[in-house]
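What follows is one structure encoded as structure tokens, with my remarks underneath.
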Amino acid sequence: MPTSFVSLRFPSLDFLSPILILLAVLLLPAPAALAVDTSSAASPVRRIVSLGPINTENLFLMGAGDLLVGDTTYCNRPPAAKEKEKIGTVLQLDVEKIISLDPDLILATGLTSPQQVEQFTRLGIKVVHFRQPHNFTEICDNFLLMGELTGHLPQAGQVVAAARQRVEEIRRRVAALPKPKVFLQIGANPLFASVGNTFTSDYLTFAGGINIAGGESRPQYDYERVLAHDPEVILVAIMGGETGIAGQERQKWLNYQALAAAKSGRIYVIDPDLVCSPTPVSFARTLALVAELLHPGLRLSEEK
Numbered sequence: 030m031p032t033s034f035v036s037l038r039f040p041s042l043d044f045l046s047p048i049l050i051l052l053a054v055l056l057l058p059a060p061a062a063l064a065v066d067t068s069s070a071a072s073p074v075r076r077i078v079s080l081g082p083i084n085t086e087n088l089f090l091m092g093a094g095d096l097l098v099g100d101t102t103y104c105n106r107p108p109a110a111k112e113k114e115k116i117g118t119v120l121q122l123d124v125e126k127i128i129s130l131d132p133d134l135i136l137a138t139g140l141t142s143p144q145q146v147e148q149f150t151r152l153g154i155k156v157v158h159f160r161q162p163h164n165f166t167e168i169c170d171n172f173l174l175m176g177e178l179t180g181h182l183p184q185a186g187q188v189v190a191a192a193r194q195r196v197e198e199i200r201r202r203v204a205a206l207p208k209p210k211v212f213l214q215i216g217a218n219p220l221f222a223s224v225g226n227t228f229t230s231d232y233l234t235f236a237g238g239i240n241i242a243g244g245e246s247r248p249q250y251d252y253e254r255v256l257a258h259d260p261e262v263i264l265v266a267i268m269g270g271e272t273g274i275a276g277q278e279r280q281k282w283l284n285y286q287a288l289a290a291a292k293s294g295r296i297y298v299i300d301p302d303l304v305c306s307p308t309p310v311s312f313a314r315t316l317a318l319v320a321e322l323l324h325p326g327l328r329l330s331e332e333k
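Each residue of the sequence shown is one higher than the one before, counting from 30 in our numbering.
Quick look at the structure:
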């Protein structure tokens, strides 16, 4: 089974993994919406600074990576992102470094503070927030907006169309299959779950499962509620792989011998970096993996 290689515990916020970024965004109030000027009268974008890894990966996916002049230390996909000038972490930005790069567009995240945004806008730099998407629809909408902002809307449209087609193909493949109850764990000590109105919950429902935490709005959960729901499948998307914290959590669930997932051994460790980095492409790829885990015998991952 796939294993996890990304940190999950809550150490210093300087070392946020993609899954911790997701949890932080879910737990923090959303910033006010920003006006976005995408009119043809706006000057063409030539120099972009990205304040988060999803924004960075999206730029490269649509062929706009050459416009990127700076990104964060967390921006490591694709490999070319590692070669860009680093402007700090997601939470601790080097403002002077950003200004020195002379960007005409900054792509902010849900963790970018209003004070930072105000500082940049006072300097005449355009800032656009790309907050953590709640679902697959918003993942695609964000991608298309970025394509429009960067002058790469046709390329972005092609990526989104392919991802939507792939997602619909998978949903059709699983539509007539039994719907197992599923628990997706995205945090430990305390326990965090994939809850309703999130793209991680879309993985479960689109893959033909029933998210036992789908009726919840806050991600903090408890083991007693999981046991009460008695899921048939448990997916553990946290740090360390089979030999780390994720493996320990898997064994903890296996020790609940009355649990349906423990009886069948259907408790899987999956890569949180894949689960929590929602580009249109990665969403479709992760959905195929989840569908295979929910439906033994189904083969989707190697399909194009």
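Built from N, CA and C at the ideal position, the CB exists for glycine as well. Quick caveat, the model's predicted, so the values are computed rather than measured.
Status (buried if at least 16 other CB within 10 Å, exposed otherwise) for residue i
i: PRO301; result: buried
i: LYS155; result: buried
i: TYR250; result: buried
i: LYS113; result: buried
i: GLN161; result: buried
i: ASN87; result: buried
i: GLY326; result: exposed
i: ARG106; result: buried
i: VAL124; result: exposed
i: ASP95; result: exposed
i: ALA275; result: buried
i: PRO132; result: buried
i: SER230; result: buried
i: PRO143; result: exposed
i: ASN284; result: exposed
i: TYR103; result: buried
i: SER79; result: buried
i: ASN171; result: buried
Assigned secondary structure, residue i (DSSP; H/G/I helix, E/B strand, else coil)
i: ALA222; result: strand
i: VAL298; result: strand
i: ALA137; result: strand
i: VAL98; result: strand
i: HIS258; result: helix
i: PHE212; result: strand
i: ASN240; result: strand
i: ALA70; result: Any reading at ALA70 must be qualified, since the residue scores a pLDDT of 42, below 50, and its modelled position is unreliable; no value is offered.
i: ILE77; result: strand
i: ILE199; result: helix
i: ILE83; result: helix
i: LEU90; result: helix
i: VAL65; result: Any reading at VAL65 is ruled out, since the residue's pLDDT is 49, under 50, leaving its predicted position unreliable.
i: ILE274; result: helix
i: LEU264; result: strand
i: GLN249; result: strand
i: ARG279; result: helix
Whole-angstrom C-beta distance between residue j and residue i, which should lie under 8 Å
i: THR138; j: PHE159; result: 6 Å
i: LEU329; j: ARG202; result: 7 Å
i: ARG310; j: TYR232; result: Correcting the residue identity first, residue 310 is Val in this sequence and not Arg. Actually they do not touch by this definition, with Cβ atoms about 14 Å apart.
i: ALA110; j: ASP100; result: 6 Å
i: PRO307; j: ILE83; result: 7 Å
i: ALA290; j: ILE296; result: 5 Å
i: LEU173; j: ALA185; result: 5 Å
Beta-carbon proximity check, residue i vs residue j, cutoff 8 Å
i: GLY216; j: GLY243; result: no
i: PRO73; j: GLY153; result: no
i: LEU97; j: LEU120; result: no
i: ALA222; j: GLU245; result: yes
i: PHE212; j: ILE239; result: no
i: ARG193; j: CYS169; result: yes
i: ARG279; j: VAL255; result: no
i: LEU130; j: ALA236; result: no
i: LEU90; j: VAL188; result: yes
i: HIS258; j: LYS210; result: yes
Any chain D beta carbon closer than 8 Å to residue i
i: PRO73; result: Among the protein chains of the structure shown there is no chain D, as only one such chain exists.
Residue i CB to nearest heavy atom of the ligand NAD below 7 Å
i: GLU197; result: Of the ligands one can find in the structure shown there are none, so the ligand NAD has no counterpart to examine.
> In the segment 112-184, which residue ranges form an unbroken beta strand (DSSP E) of at least 3 residues, counting only runs that do not cross its ends?
Replying inline: Note on the segment 112-184: whole beta strand (DSSP E) runs with a minimum of 3 residues are 134-137, 155-158, in chain order.
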